[in-house]
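Asks: Here it is: the structure, laid out below.
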C-alpha cells in the first residue's frame with residue numbers, strides 16, 4: 049500500500065492544487081530538513097491549508113474527515129485505549145458500535161498503529177481522518193485527569209514535600225485558619241494541587257465549575273481556558289469549603305454570591321488570590337484570580353510595548369498633573385498597566401491614593417480604597433473624600449458616569465496626576481465617550497494629556513515557532529501594506545505557531561501588550577473644543593505619526609514575536 053506522502057502528492061495533483069514545480073520544491077525542502085511531515089511543508093508554503101489537504105485526501109481515499117473540535121468526546125472510550133498507546137500513535141477513539149472501534153488518525157496508512165490498537169482492544173478498527181491540532185486537543189480532553197478517589201489526587205499533590213503551600217495570615221486571620229492549616233487532609237492537599245498546578249502553568253485564573261455528576265477544573269492560560277482535571281462530585285463541598293475558609297468567606301452561606309481574597313507563600317514567592325463564589329444550579333462555582341505582584345516590579349519596559357508608544361506613555365506620566373486614560377475591553381491588561389505606572393511613581397515623597405472596585409493588587413506605600421456602593425462609598429464619593437487628603441497622584445479604577453468624570457477632571461486641573469480607565473475601542477474614542485457623559489469639551493482639552501488604548505496578544509513560543517511563507521494575496525485581502533511589513537521585518541522570516549511540551553502544544557507562551565497612544569497636543573485640543581468626531585481626531589493623530597493598535601501588532605508580527613492570526617484577533621475592530 050502506498051504511504052500517505054505519496055497519496056497526498058497524488059491527491060493534490062489530481063485536484064490541481066499544486067504544480068509539478070510546487071511538488072519539486074516541497075520535496076527539496078523535505079530532503080533538506082531530513083524528513084518530517086510532507087503535508088506540513090505544503091501547508092507552510094501556503095499551497096493548501098491543513099483542513100483542505102485532509103479533505104482532499106479524504107475524498108481520494110474514501111475515508112471520512114472528522115472535525116474533532118466540534119465532536120463530543122466519549123470519555124468511556126478512554127478506558128478502552130490506554131493514554132500511552134493513544135498518544136504514541138496519535139489516535140483518538142471516537143465511537144464503538146458492536147465490535148467495531150473507530151479511530152480518528154492523521155495517517156490512516158499507519159498499519160502499526162492500527163494493528164497495535166486492534167491487538168490490545170480486540171476490536172476491528174475503522175478509521176477517520178482529522179487534523180493534528182484537533183487530535184492533540186481531543187487527546188487532552190479525553191485523558192484529562194479524572195480522579196477516581198480523593199486519595200489518588202492527594203498523593204499526586206504530595207509528590208514534592210518541599211512545595212507545600214502556606215497561607216499568609218495577618219493577626220486577625222489567625223483564629224479563622226489555624227484550625228486546619230497544618231492538616232495533611234486530602235482536601236487540603238487537593239486545593240494545594242490546584243493552586244500549584246495553576247502557578248506552574250502560568251495561569252491567571254482557576255475556574256472550579258460544578259455539574260450534575262462531576263466538578264470540572266479549568267485554568268486560564270494566556271487568555272484561553274484549558275481543562276485541568278476533574279474532581280469527584282463527592283468532594284465538591286469539601287474543596288469549596290476549604291477555599292472559602294482560606295478566603296475568609298462564610299462557609300455556611302451558599303445562596304448568595306461572595307467575594308474574598310487570600311495570600312499564599314510558595315517557595316519564597318508570595319502570590320495574592322482574589323476569589324469569587326457564585327451560587328449555580330449544581331453548587332457554588334468558584335473562580336480564583338491569580339495576582340502575581342512580581343509582574344509589577346518589572347516595570348513598563350517588560351510589558352511588551354514598542355519604544356515609540358512606550359516613550360509617549362513615559363512622557364505623559366512624567367508630568368506633574370493632568371489626566372491619563374487607559375482604554376480597552378475587559379481583560380486587555382488595563383489594570384496591570386496602571387499598577388505598573390503606580391509602582392514606577394511610588395516614592396516616599398508622594399501621596400498616592402487609589403479608589404478601586406475591586407482592589408486587585410495590594411501595593412506597599414499606597415493608600416487603596418475599596419468602593420462600597422451599598423453604604424454610599426462609590427467612585428464619586430470616594431474621590432471627593434480623597435481630594436481633601438492632599439494627594440499627589442490619584443487612580444480611579446474606572447470612570448463610569450458624569451459625576452466621577454467631572455470630579456476627576458477638576459482634580460487634574462488643580463494639581464493632581466489622575467489615572468483612570470474607560471471602555472472604548474481606541475484612544476480617540478475616549479474623548480467622544482467623555483463628551484457623551486456630559487463633560488464640557490474645554491475641560492477635556494485642558495485636563496487630558498494622554499489616552500492609551502491597549503490589547504493583549506499571545507507571544508510565540510520561541511522553543512517551537514517555525515518559519516512560514518504567507519502569500520501576498522493574504523495581506524492584500526486584509527488591507528495590509530505587505531511591502532512596508534517586509535521592510536520592517538528587515539529580511540527576517542515570518543513565523544507561525546507550532547506547539548511543543550513547553551507551551552502545552554499551543555504554540556504560544558505568555559502575552560504582551562499592544563498599545564496605541566494619543567497625545568493631546570495643541571492641534572488635538574483645538575479639535576476637541578470644536579467637538580470634532582473621534583474619526584477626525586484619529587486622522588489628525590495619524591498624520592502626526594501615531595501608531596495604531598493594528599500597526600503596533602503588525603510590527604510585533606514582523607519582529608517574529610507573534611502570529612498574523614493573533615494580530616487579526618486582537619485588532620479586528622481596528623481596520
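Numbering (this note's numbering), first residue to last: 49 to 623.
Even for Gly, the Cβ is constructed at its ideal location relative to N, Cα and C.
Return helix, strand or coil for residue 137, following the three-state DSSP convention.
Replies: In the structure shown, residue 137 sits in a helix (DSSP, three-state: H, G or I).
Asks: Taking the continuous alpha helix (DSSP H) assigned at residue 625, which residues delimit it?
Replies: Here the chain comprises residues numbered 49 to 623, so residue 625 is not present and cannot be evaluated.
Asks: Under 6 Å Cβ to Cβ from residue 405, same chain only, skipping five residues before and after it: list those, please.
Replies: Excluding residues within five positions, the ones whose Cβ falls inside 6 Å are 419, 445.
Asks: Nearest by alpha-carbon distance to residue 320: which of 312, 326, 327 is it?
Replies: Comparing Cα-Cα distances from residue 320 to each of 312, 326, 327, the minimum goes to 312.
Asks: Helix, strand or coil: which one does DSSP assign to residue 220?
Replies: At residue 220 the pLDDT is 40, less than 50, meaning the model places this residue with poor confidence; the figure from the coordinates comes in the next sentence. Helix at residue 220.
Asks: In whole angstroms, what separates the C-alpha of residue 100 from that of residue 110?
Replies: For residue 100 and residue 110, the distance between alpha carbons rounds to 15 Å.
Asks: Indicate the three-state DSSP secondary structure (helix, strand or coil) for residue 541 in the structure shown.
Replies: Residue 541: coil per DSSP, three-state reduction.
Asks: Closest by CA to residue 257, which one among 279, 243, 272, 236?
Replies: The candidate whose alpha carbon is nearest that of residue 257 is 279.
Asks: Please identify the residue among 326, 129, 581 whose C-alpha is closest to the C-alpha of residue 170.
Replies: Cα-wise, what sits closest to residue 170 is 129.
Asks: Taking 8 Å as the threshold, find out whether the segment 366-382 comes into contact with the segment 485-502 through three or more Cβ pairs.
Replies: Output reads yes: the segment 485-502 touches the segment 366-382.
Asks: Please classify residue 589: does DSSP put it in a helix, a strand, or coil?
Replies: If DSSP states are grouped into helix, strand and coil, residue 589 belongs with the helices.
Asks: Taking 8 Å as the CB-CB limit, is residue 160 close to chain D?
Replies: The chain inventory of the structure shown lacks chain D, comprising one protein chain alone.
Asks: Which residue's Cα is closest to the Cα of residue 190: 252, 179, 175, 276?
Replies: Here the closest residue by C-alpha is 276.
Asks: Rounded to a whole number of angstroms, what is the C-alpha to C-alpha distance between residue 511 and residue 592?
Replies: Cα-Cα distance, rounded: 39 Å.
Asks: In terms of alpha-carbon separation, which member of 562, 242, 182, 139 lies closest to residue 23?
Replies: Absent from the structure is residue 23, since the part of the chain shown begins at 49 and ends at 623.
Asks: How far does the beta strand (DSSP E) with residue 258 in it extend, from its first residue to its last?
Replies: Start and end: 251-258.
Asks: Mapping DSSP to helix, strand and coil, what is residue 120?
Replies: Here residue 120 sits in coil by DSSP.
Asks: Specify the secondary structure class of residue 348 as computed by DSSP and reduced to three states.
Replies: It is helical.
Asks: To the nearest angstrom, how far is the alpha carbon of residue 619 from that of residue 504?
Replies: Cα to Cα, residue 619 sits roughly 10 Å from residue 504.
Asks: What first and last residue would you give for the alpha helix (DSSP H) that runs through residue 598?
Replies: Unbroken alpha helix (DSSP H) run through residue 598: 597-606.
Asks: Please give the ranges of any alpha helix (DSSP H) in the segment 299-376, keeping only runs that are unbroken, at least 4 residues long and fully inside the region.
Replies: If we require 4 residues or more, the alpha helix (DSSP H) runs fully inside the segment 299-376 come out as 342-346, 355-365.
Asks: Pull up the distance between the alpha-carbon of residue 410 and that of residue 388, whole angstroms please.
Replies: Cα to Cα, the separation comes out at about 12 Å.
Asks: Taking only the alpha-carbon atoms, compute the straight-line gap between residue 158 and residue 136 and give it to the nearest angstrom.
Replies: Spanning the two alpha carbons is a distance of roughly 12 Å.
Asks: What separation, rounded to the nearest whole angstrom, lies between the Cα atoms of residue 585 and residue 569?
Replies: Distance between the alpha carbons of residue 585 and residue 569 is about 11 Å.
Asks: Using three-state DSSP, classify residue 187 as helix, strand or coil.
Replies: Reduced to three states, the DSSP call for residue 187 is helix.
Asks: Could you check the C-alpha separation between residue 69 and residue 102 for me, to the nearest Å?
Replies: Whole-angstrom Cα-Cα distance: 21 Å.
Asks: Could you check where the alpha helix (DSSP H) with residue 457 kicks off and where it finishes?
Replies: Per DSSP, residue 457 belongs to the alpha helix (DSSP H) from 450-461.
Asks: Is it the case that the Cβ atoms of residue 365 and residue 393 are separated by a distance below 8 Å?
Replies: Yes, the pair counts as a contact, with Cβ atoms nearer than the cut-off.
Asks: Please state if the CB of residue 167 and the CB of residue 134 are separated by a distance shorter than 8 Å.
Replies: No.
Asks: Tell me the rounded alpha-carbon separation between residue 351 and residue 176.
Replies: Their Cα atoms are separated by approximately 44 Å.
Asks: Using three-state DSSP, classify residue 57 as helix, strand or coil.
Replies: DSSP places residue 57 in helix when its eight states are reduced to three.
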